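S.K.: Sharing a structure, written as structure tokens. Questions coming.
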Amino acid sequence: MVSIRLLSEEIASQIAAGEVVERPASVVKELVENALDAGARSITIEIEEAGRKLIRVADDGQGIPSDELRLAVARHATSKLAAAEDLFRVSTLGFRGEALASIASVSALTLVSQARGEFVGARLRVEGGAMAQGPHPIGAPQGTVATVENLFFNVPARLKFLKTERAERRQIDALVSRYALAYPEVRFRLTHDGREALQSTGSGDRREALIALYGPEAARQMLGLEDRQSLDVSVSGFVSPPALTRNHRREITLFVNGRWVQDQRLIAAVLQAYHTLLMVGQYPLAVILVNLPPEAVDVNVHPAKAEVRFRDPDSVFSAVQKAVRATLLEKAPVQAAIPQPAWGHAGWAENRDRLIDPAWNMGFRPTPRPAEEPGPALPGTGVLEFPLLRVVGQIGAAYVVAEGPDGLYLIDQHAAHERVLYEQFQADRRAEALTSQRLLEPAYVELHPEQASQLESQVDTLAALGFEVEAFGGGAFRVRAIPAMLKDLDPAQALRVLVEDFEEDERPLEAEGEARLIARVCKRAAVKAGQALSLEEQRELVRRLEACQSPRTCPHGRPTMIHLTIDMLARQFSRKG
Ligand code: ADP
Ligand code: MG
683 MVSIRLLSEE IASQIAAGEV VERPASVVKE LVENALDAGA RSITIEIEEA
733 GRKLIRVADD GQGIPSDELR LAVARHATSK LAAAEDLFRV STLGFRGEAL
783 ASIASVSALT LVSQARGEFV GARLRVEGGA MAQGPHPIGA PQGTVATVEN
833 LFFNVPARLK FLKTERAERR QIDALVSRYA LAYPEVRFRL THDGREALQS
883 TGSGDRREAL IALYGPEAAR QMLGLEDRQS LDVSVSGFVS PPALTRNHRR
933 EITLFVNGRW VQDQRLIAAV LQAYHTLLMV GQYPLAVILV NLPPEAVDVN
983 VHPAKAEVRF RDPDSVFSAV QKAVRATLLE KAPVQAAIPQ PAWGHAGWAE
1033 NRDRLIDPAW NMGFRPTPRP AEEPGPALPG TGVLEFPLLR VVGQIGAAYV
1083 VAEGPDGLYL IDQHAAHERV LYEQFQADRR AEALTSQRLL EPAYVELHPE
1133 QASQLESQVD TLAALGFEVE AFGGGAFRVR AIPAMLKDLD PAQALRVLVE
1183 DFEEDERPLE AEGEARLIAR VCKRAAVKAG QALSLEEQRE LVRRLEACQS
1233 PRTCPHGRPT MIHLTIDMLA RQFSRKG
């Protein structure tokens, strides 16, 4: 028989910690929020090894009185709530009195603080939840320094779930740059292993923080929301013009009363404001700051305080939607606001040449089959894994329908073209036959420091692929040539293709080097879903896919086609038992 037992204090506190401290970025978030609550004007964040080794947050806020230092790391100890009713009008970022205790239970936490008006400060160290040293008096500048070392040293399961260092660093960068934007009057400085990743001046200018978040070009394009006060809700911030988009919604950031929150409904409000202005699968960049009276928001619904509940969600939704919509209508240039479908019927004429012009290097250039490759397979001979197909037509402007000796094939035109371009690119590369397009005028591109360092490490490989790129330092690059395949993109965009929009779990560029870069370039150059193809082009695409070494998957490993065998069809129509 298993009997019911009370959890030991240690296990109970580790479980509780798990809800607040999931990864290094959550520690950074709690410590930065504490510094902001303390009225800091300057917050310095030092990170080592993406936070596993060290996270140090130093502020010049009001500090913690020496005789309260021990209490600060106790669970449910807070200076921010006194009575139960206070919970319904929280105006500080913290209120649960849990963060420091949670962090201390899964790391070695050292707090050094000197409170305003005191002549001496104090230092204390907690390891794995147990008091290790102090509090001892110590001379310190006014404010607080919280140092977290060896995060999760006693919770190996957590350590295992951490992502790559780069992914964890990105989370931290994303967090700090967003707080810098929400608190422009506070000076933020973030370093990774001694290298500066982000710095804001605290001048109060949000545009400056926008640059840290999106880089100078995108920041310049962002539209400031008209600050329109409707009853209780005020909405401010920035949104991108419809021409500036991402293919994911991670760049839609929401702050409610100075707190970074996730809220699907408010994201939907932003998207609704762009209704008909964006192509399918494209999302705007936005930083939306919503302010309303503290009693109109319940912040106590999520342990990490990442979600909130509104007393009147509809009015908040409509305030956000209206503010964004009005800004777009007023400020977004009309032409840019209604994008042409990239390859709708209108733009088709010029693109068709690109598709079928044999001179267009990376298009559907007819290529002779390599001599050593076996000839076309006869039905049933099984020489080629992939038989010759007869194209029937296109459906949904996304899939090509074809018939083979053994049934029906549905081919994803984008994935298939990616595969074709990828093998062509690889073959040309081996034959040293890659062509690059020289720009009439060199283009200058500025990238986010993180992206810049990815790219800098790749300059040689890039050169081999037809990019002529020089790094100037400070995230700036000069581009003199790009691969011919990307010649229709603007050079800045062509370069960005390489470093932008990585999925959470995608590995850094360096990992697979050239093949990875080629795959990224091909993804961008391939026809998209939504582009109508003539029957001739569909045939050409299928013919070239047949000639590929690995026709069944795109370079990213997704299938290029679905095969419905005659047998399956017969079964579906109940012709077979
Ligand atoms: P909470 O922020 O929810 O109150 P924490 O565990 O994060 O809980 O912090 C506990 C208490 O420690 C806070 O209420 C505050 O009094 C004090 N404290 C923590 N960090 C700081 C800081 N950087 N400056 C001043 N006081 C701090
Ligand atoms: Mg706190």
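Residue numbers for the sequence shown follow my numbering, beginning at 683 and rising by one. C-beta atoms are modelled at their ideal positions from N, C-alpha and C, and glycine is treated no differently. Values in this document were obtained by computation on a predicted structure and should not be read as measured data.
Roughly how many whole angstroms lie between the Cα atoms of L1223 and L1171?
M.R.: Roughly 22 Å separates the two Cα atoms.
S.K.: When we look at the beta-carbon of M1243 and count the other beta-carbons within 10 Å, is it buried (16 or more) or exposed?
M.R.: buried
S.K.: Drop a sphere of 10 angstroms on the beta-carbon of D887, count the other beta-carbons inside from all chains shown, and report buried for 16 or more, exposed for fewer.
M.R.: exposed
S.K.: Under 6 Å Cβ to Cβ from A822, same chain only, skipping five residues before and after it: list those, please.
M.R.: V794, Q796 and G803
S.K.: In the DSSP output, which residue or residues are listed as bridge partners for D980?
M.R.: Looking at the DSSP output, D980 sits in a beta bridge with R991.
S.K.: What whole-angstrom Cβ distance do L1129 and V1181 have, given they're in contact under 8 Å?
M.R.: 6 Å
S.K.: I want to check one thing, is the minimum distance from the CB of H716 to the heavy atoms of ligand 1 below 6 Å?
M.R.: As written in the sequence, residue 716 is Asn, which differs from the His given in the question. Result yes, Cβ under 6 Å from ligand 1.
S.K.: Quick one: give me the first and last residue of the beta strand (DSSP E) that Y1081 is part of.
M.R.: In the DSSP assignment, Y1081 falls within the unbroken beta strand (DSSP E) covering Y1081 to G1086.
S.K.: For M1250, count neighbouring C-beta atoms within 10 Å of its own C-beta (all shown protein chains included) and say buried if the count is 16 or more, exposed if not.
M.R.: exposed
S.K.: Taking Cβ positions, are E878 and L736 nearer each other than 7 Å?
M.R.: no
S.K.: When every heavy atom of ligand 1 is checked, does at least one fall within less than 6 Å of the C-beta of T1235?
M.R.: no
S.K.: My parser needs the alpha helix (DSSP H) runs of 4 or more residues fully inside the segment 1198-1241; what are they?
M.R.: 1217-1228
S.K.: On the CB-based measure, 16 or more other CB atoms within 10 Å of its CB, does N929 come out buried or exposed?
M.R.: exposed
S.K.: Indicate, with yes or no, if ligand 2 has a heavy atom lying under 6 Å from the CB of A955.
M.R.: Distance from the C-beta of A955 to the nearest heavy atom of ligand 2 is not below 6 Å.
S.K.: Here's a check: name, in chain order, each residue in its chain whose Cβ is nearer than 6 Å to the Cβ of R805, leaving out the five neighbours to either side.
M.R.: V794, G816, H818 and I820
S.K.: If I'm right that L857 touches V710 with Cβ under 8 Å, what's the distance once you round it to whole angstroms?
M.R.: 6 Å
S.K.: My understanding is that L907 touches S918, with C-beta atoms under 8 Å, so please give their C-beta distance in whole angstroms.
M.R.: 5 Å
S.K.: Can you list, in chain order, the stretches of the beta strand (DSSP E) that have 3 or more residues and sit fully within the segment 706-733?
M.R.: Taken in chain order, the whole beta strand (DSSP E) runs of length 3 or more contained in the segment 706-733 are 724-730.
S.K.: Look at the alpha carbon of F1255 and the alpha carbon of T1235, and state the distance between them as a whole number of angstroms.
M.R.: 29 Å
S.K.: What does DSSP give as the partner residue(s) for I934 in the beta ladder?
M.R.: A968
S.K.: Are three or more beta carbon pairs between the segment 1095-1111 and the segment 1132-1144 nearer than 8 Å?
M.R.: As far as the Cβ criterion goes, the segment 1095-1111 does not touch the segment 1132-1144, which means the pair count is below three.
S.K.: Measuring CB to CB, does N1149 end up less than 7 Å from I1164?
M.R.: One point to set straight first is that residue 1149 is Phe, not Asn, in the sequence displayed. For F1149 and I1164, yes; Cβs fall inside 7 Å.
S.K.: With a 10 Å radius around its C-beta and 16 neighbouring C-beta atoms as the bar for buried, classify T1247 as buried or exposed.
M.R.: exposed
S.K.: Return the CA-CA distance between G1157 and S1135, expressed in angstroms with no decimal places.
M.R.: 8 Å
S.K.: Do A781 and ligand 2 come close, with the Cβ less than 6 Å from some heavy atom?
M.R.: Yes, the Cβ of A781 comes within 6 Å of a heavy atom of ligand 2.
S.K.: To the nearest angstrom, how far is the alpha carbon of Q1213 from that of R1101?
M.R.: 17 Å
S.K.: Counting only the same chain and skipping the five closest in sequence on each side, list residues whose C-beta sits under 6 Å from that of G1075.
M.R.: So the qualifying residues of the chain are V1083.
S.K.: Give the DSSP bridge partners of P819, in chain order.
M.R.: A804
S.K.: Please report the straight-line C-alpha distance between P747 and E800, rounded to a whole angstrom.
M.R.: Looking at the backbone, the Cα of P747 and that of E800 are separated by about 8 Å.
S.K.: Quick one: using the 10 Å Cβ neighbour count with 16 as the cut-off for buried, is L841 buried or exposed?
M.R.: Counting Cβ neighbours within 10 Å, L841 comes out exposed, since fewer than 16 surround it.
S.K.: Tell me the DSSP bridge mates of D741?
M.R.: I725 and T826
S.K.: Just mark E691 as buried or exposed, buried being the case when its beta carbon has 16 or more other beta carbons within 10 Å.
M.R.: It counts as exposed.
S.K.: Would you list the residues sitting across from L905 in a DSSP beta bridge?
M.R.: V921
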